[in-house]
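One structure is given here, and the rest of the page talks about it.
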Amino acid sequence: MQNKGLIKLFAFLFGLVSIYQLSFTFITSKVEDEAKAYAISQIPDAGDLETQEKQDQLVVRYLDSIGTNKQFGYTTYNDAKKKQLNKGLDLEGGINVTLQISIKDILKGLADGSKNPVFNRALADADEASKNSDDTYLDLFFDAFDNIKGDTKLASPDIFANKGLSDQVNFQMTDDEVKPILRSKIDDAIVSAFEVLRERIDGFGVTQPNIQRLGTSGRVLVELPGAKDVKRAITLISQTAQLEFWETYEQNNTSFSTFLIQANEKLKTLVDTPVKEEPIKEASELDSLLSDVSADSLDIATQVNPLYDKLLPAIPGTNAMFRAQVKDTAEINSYLKMPEIIRLLPADIQFVKFAWERPATEEVEVIDLYALKSNRNNEPRISGDVVSDARDTFDQFGKPAISMSMNSRGSKEWQKLTSDANINNTGIAVVLDNKVYTAPGCSVVGGISGGGTEITGTFTVAETTDIANVLRAGKLPARAEIIQSEIVGPSLGQEAIDSGLMSFIIAMIIVLLWMVFYYGKAGLFADVALLLNILLIFGVLTSLEAVLTLPGIAGIVLTIGMSVDANVLIFERIKEELKKGKGKSQAVSDGFSNALSSILDANITTGLTALILLVFGSGPIKGFATTLLIGILTSLFTAIFITRLLVDWYISSSSRTLDFSTGLTKNLFQNININFLGKRKIAYVISAILVGVGLFSLFAGPGLQQGVDFIGGRSYQVRFEKAVNPSEIASELNDVFGSGTKVKTFGEANQISITTPYKVEVEGIEVDEEIQNKLYTSLQKYLPSGTSKANFIDDNDGRSIGIMKSVKVGPTIADDIKKNAFLAIIGSLAVVFLYILLRFRKWQFSLGAVTAVFHDVLIVLGVFSIFGTIMPFNMEIDQAFIAAILTVIGYSLNDTVVVFDRIREIINEKGWRSGENVNQALNSTLSRTLNTSLTTLVVLLAIFVFGGESLRGFMFAMIVGIIVGTYSSLFIATPVMFDSLKKSIKTGGKEEQK
């Protein structure tokens, strides 16, 4: 081998850089452990939420205090935190959401809220078409508009030829001229939304957040690893931040009293409500409030009053009009929005907007209803675009508040608004996303000048920080709906780290011992190369700022098994050369040279499938593909160069021998002469039966269990203190959510998986909260006494009870995942077919390889269909399963290409000879095939047993695939290649008959 010195230098530097990169992770972990120990020493763990929060605060303060101190003399904690190995959502806990910026909202904004019937009909048609189409919303809108426009143009004065777009669109332009302008405007709006979200997330306080645009469809991926306050994070991400300032109507306005009396009477004829008798109950504050309502308008003993039964008198001096229980607000809203009720508004309050107070906490039962002075266009007096800066601060009483300053235009409008409020003795409602945060009056005659103001209320410090953050970042130009989300609790993340580390250690020990057992001293050299390989993988991951996920750990562990393949190939070829009587140096040199072609072909085919996975996968699946690709590259380097250096060094002394075997393995697989081709018809029959049974199960039997990734819906992993009955819980939840809700045990008997399609097409945080509330109410009797709703939902009480993980996939993105999965599988097959065709120059080789792959995939699918409801672990078809299928494809091709490579070598030397030399090639590679397959299989079994519940279905698919792939490379790929090629095989000018 040439340039040994250069290779040694490169290996030394490569290893040194990897150790340096990983040192930051070690330092970060050490300092954070010290911080946790300090917090526990100051506040002993009591196992409750309050103690946990106090400990977390102490940890943060400790880390802040030592963040700039030198660690080991060359870095600080703050710097090390930025350079540490990034852990994914499934290892650290946190939040991963995909947001869809509403293109419809942007179009309506560009059209200045147009009432044009053609425009609005086109929007409605685009909404409907988007449910079953992969096209962008904008393209669907253009198609819908073209179908119904008649003489209407996009450049109509009441659509896009308006004042706002006057510098770019005029009424003389054609639709084809307007469309690119709209595309550009929408892209600008999406970029603006992306920047707003990025600024908000930068101020949230989690380390290493990730935000990126997904194509041009208006989708944005947001990852917040380590985020513990789920509700706060979700609100921050999806909040539009529409800040408005309104003047309120005076509290004692008689016109409202008249309106409400008339509205209540009208509702009696519109709402089907039976007469009821009130049960006798003890007096309470709520009863006292009800009794204050005028007896002329409320007689609850004899009849139901639709409106007055829900409304309570406002507290004097609050500038609110009424109060109501939180549970009744939706019904009151529906009443006040009825056209028949709106028509009852008197002339002096004809333009009014009703808005509810923001509840201070989840425990609040009664909130205020405000009547805001509006205008014909339902616009506020001042909008949030005049705010130039916002900061979280404290008011004069030491309570958290938000301080704002306005630009010159806003300052003038603010002085006018506060002056009017002073004159009219009304309030100024500060409204954020249609919730009234505060509504104080103004005592300053002539109004407040300068544009400075302060928002006060029942805030926490975190809330004022977030509100100031979103106000500085600005409002989103359109709604950002969460169409896919994954929330993993910190307890589950820690369990994933523990189980992943356990499987990693066990797999590595097994492989290291096996190599020494089978190859003796040579196996030790392979082990050194393997350990260096692991170091390099982690070093490269850290250097590239890649994210380590649980499937990523599986990819590394799989790399351990597959990286052995290169050493096995080399050692087996060296043994063959030694049997030919060659000297040690020559046998080693020829062994490495002869094995190189097979090693490269095998790793390239696996790498191609990993690339396909990287392109079409998402989230943790990308992590799996990333580690697999890195592992392939580092494995090639260590096997080809490092192992060679060690072997050459050892045999350089004439007194040392290296046999590449042990006493127990020396004669294994020697002199084997199996007639593989002669048994191909039997193999065809066996495979046909297996594939046929699988296809019958797929199409006529139970079929595959599709996860929420493919059908949409919400999935929750819930853990209890004691074992529960999933059938009993399923019956109860089907009563709550309707049919289609599935409940099954997930791992241990005290853990279940709940999947429901309930309101899957309805977007918004409110729906997520509604489902979580219903889950808590339904499952409360199975939880330990004292488990609050907050602890049940957020897994932040340290007891690991409640929702450990939640996943939401909207129907649109589920369709996209299906499409990408299909493209990934077909793409990988096409790419590999072309690669094998290029390498072996005969399409029959490609046909044999692809036939074997189809065979393997169909059998794996059949196994999952037949045993999907029988196995005691999750066997749903999701993105992880697709990753497993693609890995099976890569492994099967790896095995097949090695066999084909040996066939080509022997045939080039000796010819076909009625298939005898094909059998010889298969027999000569049998040791390598079984050795590699067994090693990989043992590694996968280690992950299957110790890698955690979430990986078992993934690993099971790969285990089945490895077994079937080993079989198919011997009995399907090669026979199919031979049968399709034999008519063109000629020996001595005559066609081969067998």
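For the sequence shown, position 612 (counting from the first letter as 1) is numbered 622 according to my numbering, and the numbering increases by one without interruption.
Each residue gets a CB set at the ideal place from its N, CA and C atoms; glycine is no exception.
Values in this document were obtained by computation on a predicted structure and should not be read as measured data.
Taking the CA atoms as reference points, Pro390 sits about 20 angstroms from Arg482. Around the beta carbon of Tyr977, 16 or more other beta carbons lie within 10 angstroms, which makes this residue buried.
Nearest Cα to Phe269 within the set Thr78, Ile351, Ser344: Ile351. By the Cβ rule, the stretch 113-127 does not count as touching the stretch 518-527, because fewer than three pairs are nearer than 8 angstroms.
Tyr380 is bridged by DSSP to Ala365.
Cβ-Cβ separation between Thr463 and Lys409: approximately 16 angstroms, too far for a contact (criterion under 8 angstroms).
Secondary structure at Leu674: coil, using DSSP grouped into helix, strand and coil. DSSP places Val455 in no alpha helix (DSSP H); its state is neither H nor E. For Lys752, the enclosing beta strand (DSSP E) stretches over residues 752-755. A straight line joining the alpha-carbon of Val819 with that of Leu231 spans about 13 angstroms. The continuous stretches of alpha helix (DSSP H) do not include Val230, which lies in the beta strand (DSSP E) extending over residues 229-235.
Selection Arg938, Gly963, Asn96, Asn88 evaluated against Ser573 yields Arg938 as nearest (Cα-Cα). Restricting attention to Lys92, Arg583, Ser75, Gln52, the CA atom closest to the CA of Thr38 is found in Lys92.
Secondary structure remark: continuous alpha helix (DSSP H) runs of at least 4 residues inside the stretch 175-222, in chain order: 185-212. Beta-bridge partners of Leu668 (DSSP): none assigned. Here the alpha carbons of Ser763 and Lys752 stand approximately 8 angstroms from one another. Here Phe802 is not bridged, per DSSP, to any residue. In the three-state scheme derived from DSSP, where H, G and I count as helix and E and B as strand, Ile684 is classed as coil.
Leu932 sits close to Val909, with the two beta carbons spaced by under 8 angstroms. Its chain contains Leu545, Leu546, Gly549 as the residues whose beta carbon lies nearer than 6 angstroms to that of Ser28, once the 5 sequence neighbours on both sides are disregarded; these appear in chain order.
DSSP places Tyr768 outside both helix and strand once states are collapsed to three, so it counts as coil. Runs of alpha helix (DSSP H) with 4 or more residues, each lying fully within the stretch 142-174, are found at 147-158, listed in chain order. With distances taken between CA atoms, Ser607 lies nearest to Arg849 out of Phe954, Arg849, Lys173. Within a 10 Å sphere around the beta-carbon of Val440 sit 16 or more other beta-carbons, which makes this residue buried. The three-state reading of DSSP puts Asp399 in strand, counting E and B together.
The residues Asp866, Val898, Tyr901, Ser902, Asp905, in chain order, have a CB closer than 7 angstroms to that of Gly975 in the same chain once the five nearest residues on each side in sequence are set aside. Ile609 and Leu579 have their C-alpha atoms some 7 angstroms from each other. In the three-state reduction of the DSSP assignment, Glu423 falls in the helix class. One Cα belongs to Gly858, the other to Pro985, and the distance between them is close to 8 angstroms. Cβ-Cβ distances below 8 angstroms link Gly711 to Ser875, Ile876 in the same chain, with the five nearest sequence neighbours on each side left out; the list follows chain order. Residue pairing of Gln252 in beta bridges, as defined by DSSP: absent, with no partner found.
Glu587 is a Cβ neighbour of Gly601, given a cutoff of 8 angstroms.
Annotation note: the stretch 917-968 contains the following uninterrupted alpha helix (DSSP H) runs of length 4 or greater, listed N- to C-terminal: 926-934, 936-956. When secondary structure is reduced to three states using DSSP, Val446 falls in the strand class. Under the DSSP definition of a beta bridge, Asn96 partners with Val557.
Under the 10 Å beta carbon count, Lys14 is surrounded by fewer than 16 other beta carbons and is classified as exposed.
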